[in-house]
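In our numbering, the protein residues as written are 183 to 526.
Below: the structure, in structure tokens.
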């Protein structure tokens, strides 16, 4: 039977780590064929204490130290220590269904893909308006564009999936995680897989529940940092980013150009007002069409929250442009990655 290694990088995740790690311990996959490696980035909260508590009751759980404290380094530490033939990238913010490992192995075999993953169901951290606005912003196609793992429940080959499950041998072909990338390392790795001739498969059978930040300030910080690192990732691998990642920056540039001109030009002022009205109306259309019972407050405020999200995202992109002028690192890719056939 195929052996499996979950690798979970964590740092200061005391709020979610117990539920996340327990969902891996409770997997239906045969326990003697499945290990769980938690790589802690020297947490300063109770994360390590909780990990050790669960580890002491479950011999399948191993904990490793990550002095660098960042995700790609943690993943590389875990992958090198892993005994499994399949590496499943786990996350301390996610809760996994019991058949997750089983389905990862199944879809790797049935589709012939080199990486399989599923969509996120983004769960509000609590019932506050702020937390629900965050969750809605990260699942609306108006908020995040055509990010299929956030907005779609369709199945098929895609450009990227969040995290994912890989055959361990894939890293011999495309290299390990890029340790220069504090964020977006999954996108960049998937771009290398595609460049090597590999394929990536998204299926709702691998759906997980993800807990984002709980307030709008946290969302804006997330947007700024993520988009800033998108530019760094673009410098490292130009195939890892799409046009949708640049759209908020182009929107912000347009506003910044129109604002001063509108002070002296009535035409520019009308154009600016028209753009903002069109944006808000489009936001209302998406928020009202996605409304669920009891969430009218979210539907009415969402366009303004999404506007702030896009502005923060665009600002991060512009701030990150300086990375484009630095020399990129080069991760060697071994050509000729075998294209696997679907299992009969």
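Beta carbons are placed, not taken as given, at the ideal position from N, Cα and C, and that holds for glycine.
Extent of the continuous beta strand (DSSP E) to which residue i belongs
| i | result |
| --- | --- |
| residue 199 | Looking at the DSSP string, residue 199 is not in any beta strand (DSSP E); the run it does join, the alpha helix (DSSP H), is 199-207. |
| residue 218 | 216-222 |
| residue 186 | 186-192 |
| residue 356 | Premise fails: residue 356 lies in the alpha helix (DSSP H), 352-356, not in any beta strand (DSSP E). |
The alpha helix (DSSP H) enclosing residue i, as first and last residue numbers
| i | result |
| --- | --- |
| residue 491 | 478-502 |
| residue 434 | 429-444 |
| residue 457 | 448-471 |
| residue 390 | Where residue 390 is concerned, there is no enclosing alpha helix (DSSP H), although the beta strand (DSSP E) it sits in stretches over 390-392. |
| residue 382 | Per DSSP, residue 382 belongs to no alpha helix (DSSP H); it is in the beta strand (DSSP E), 382-384. |
CA nearest to the CA of residue i, picked from the options
| i | options | result |
| --- | --- | --- |
| residue 208 | 277, 504, 444, 322 | 277 |
| residue 306 | 383, 397, 211 | 397 |
| residue 343 | 325, 372, 363 | 372 |
| residue 407 | 495, 242, 269 | 495 |
| residue 192 | 183, 237, 217, 247 | 247 |
| residue 502 | 442, 409, 477 | 409 |
| residue 387 | 348, 335, 256 | 335 |
| residue 491 | 471, 434, 479 | 434 |
| residue 303 | 286, 285, 322 | 322 |
| residue 189 | 261, 317, 226, 313 | 261 |
Short Cβ contact (7 Å threshold) for residue i with residue j
| i | j | result |
| --- | --- | --- |
| residue 219 | residue 274 | no |
| residue 454 | residue 394 | no |
| residue 229 | residue 267 | no |
| residue 411 | residue 365 | yes |
| residue 236 | residue 203 | yes |
| residue 356 | residue 384 | no |
| residue 346 | residue 271 | yes |
| residue 360 | residue 370 | yes |
| residue 297 | residue 413 | no |
| residue 505 | residue 417 | yes |
| residue 460 | residue 470 | no |
Residue i to residue j span [Cα, whole Å]
| i | j | result |
| --- | --- | --- |
| residue 529 | residue 462 | Any question about residue 529 goes unanswered here, given that the chain covers just 183 to 526. |
| residue 184 | residue 362 | 32 Å |
| residue 405 | residue 465 | 18 Å |
| residue 526 | residue 293 | Because the pLDDT of residue 526 is 48, which lies under 50, any placement of that residue in the model is unreliable, and the question is left without a value. |
| residue 488 | residue 325 | 6 Å |
| residue 378 | residue 309 | 44 Å |
| residue 392 | residue 437 | 33 Å |
| residue 290 | residue 234 | 31 Å |
| residue 311 | residue 403 | 18 Å |
Inside the region 257-339 only - alpha helix (DSSP H) runs reaching at least 4 residues:
282-293, 311-319, 323-326, 330-333
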